[in-house]
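For reference, the structure is listed below as structure tokens.
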Amino acid sequence: GAGVSQSPSNKVTEKGKDVELRCDPISGHTALYWYRQSLGQGLEFLIYFQGNSAPDKSGLPSDRFSAERTGGSVSTLTIQRTQQEDSAVYLCASSRTGGETQYFGPGTRLLVL
Amino acid sequence: GNSVTQMEGPVTLSEEAFLTINCTYTATGYPSLFWYVQYPGEGLQLLLKATKADDKGSNKGFEATYRKETTSFHLEKGSVQVSDSAVYFCALRGGTGGYNKLIFGAGTRLAVHP
Numbered sequence: 002g003a004g005v006s007q008s009p010s011n012k013v014t015e016k017g018k019d020v021e022l023r024c025d026p027i028s029g030h031t032a033l034y035w036y037r038q039s040l041g042q043g044l045e046f047l048i049y050f051q052g053n054s055a056p057d058k059s060g061l062p063s064d065r066f067s068a069e070r071t072g073g074s075v076s077t078l079t080i081q082r083t084q085q086e087d088s089a090v091y092l093c094a095s096s097r098t099g100g101e102t103q104y105f106g107p108g109t110r111l112l113v114l
Numbered sequence: 365g366n367s368v369t370q371m372e373g374p375v376t377l378s379e380e381a382f383l384t385i386n387c388t389y390t391a392t393g394y395p396s397l398f399w400y401v402q403y404p405g406e407g408l409q410l411l412l413k414a415t416k417a418d419d420k421g422s423n424k425g426f427e428a429t430y431r432k433e434t435t436s437f438h439l440e441k442g443s444v445q446v447s448d449s450a451v452y453f454c455a456l457r458g459g460t461g462g463y464n465k466l467i468f469g470a471g472t473r474l475a476v477h478p
């Protein structure tokens, strides 16, 4: 079916506000990943879901970042009390199982003013 | 830990020139290696991959060979086109860095002009 979709495509927020980013994986893909692409840090892994559980959260940069996945499908990445250094493109990817080829969404561009 | 190092860009070439983008990696175990491409205004797309030593990945005229002895996965194309202008990312997965997450290089911007 359709590819990985993400919303919103762009988000501008004020420092200190909370934001939610959504990812809709390819139908049937059980594995879901979040990455962050920023000028200073390149492409960094954030978190991996297998089904609704997250066996690898090692890339989340602070406790302001959290993510959940429900129904083995849609995932939400939440950033609380946003800071300017959170400005980046947040990418979601999915695969049929963990370890298979990952297919990426178009990303959400976040700007924290 | 595992890491990927790519040649710095930008790389600027004329159409029909030969392209090499160097990629080396550091990993224990036996990682899989990937090249992803990001065209202007688009998301990351898998270009090619290789899962074991001496494997050659190929797609759209691009090739890369998994060289364990030199820990390299250089991307090559014999004759580039303007439409190949994009940012290219080398990545690895597996070894002791974790089977699931991709570790990316910094990316190399390629600009091809007529």
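Line by line, the protein sequences give chains A and B.
Add 1 to the 1-based position in the first sequence for the numbering used here, that's all there is to it.
Add 364 to the 1-based position in the second sequence for the numbering used here, that's all there is to it.
Glycine residues also receive a C-beta, built at the ideal position from the N, C-alpha and C atoms.
Bear in mind the structure is a predicted one, so any value in this text is a computation, not a measurement.
Taking 8 Å as the cut-off, the beta carbon of valine 5 (chain A) is found closer than this to the beta carbon of serine 95 (chain A). When DSSP states are grouped into helix, strand and coil, glutamine 84 (chain A) belongs to the coil group. Here valine 5 (chain A) carries a coil assignment [DSSP, helix/strand/coil]. Assignment of valine 446 (chain B) by DSSP, reduced to helix, strand and coil, places it in the helix class. The C-beta of leucine 92 (chain A) comes closer than 8 Å to at least one C-beta of chain B.
Residues of the same chain with a CB within less than 6 Å of the CB of asparagine 11 (chain A), apart from the 5 flanking positions on each side, are Arg110 in chain order. Going by DSSP, aspartate 64 (chain A) is part of no beta strand (DSSP E) at all; its letter is neither H nor E.
Within 7 Å of the CB of leucine 78 (chain A), no CB atom of chain B is found; the nearest one sits about 15 Å away.
Considering only beta carbons, the part of the segment 454-469 of chain B lying closer than 9 Å to chain A consists of Ala455, Arg457, Gly458, Gly462, Tyr463, Asn464, Lys465, Leu466, Ile467, Phe468 and Gly469, in chain order. Straight-line spacing of the CA atoms in leucine 383 (chain B) and leucine 410 (chain B) works out to 18 Å.
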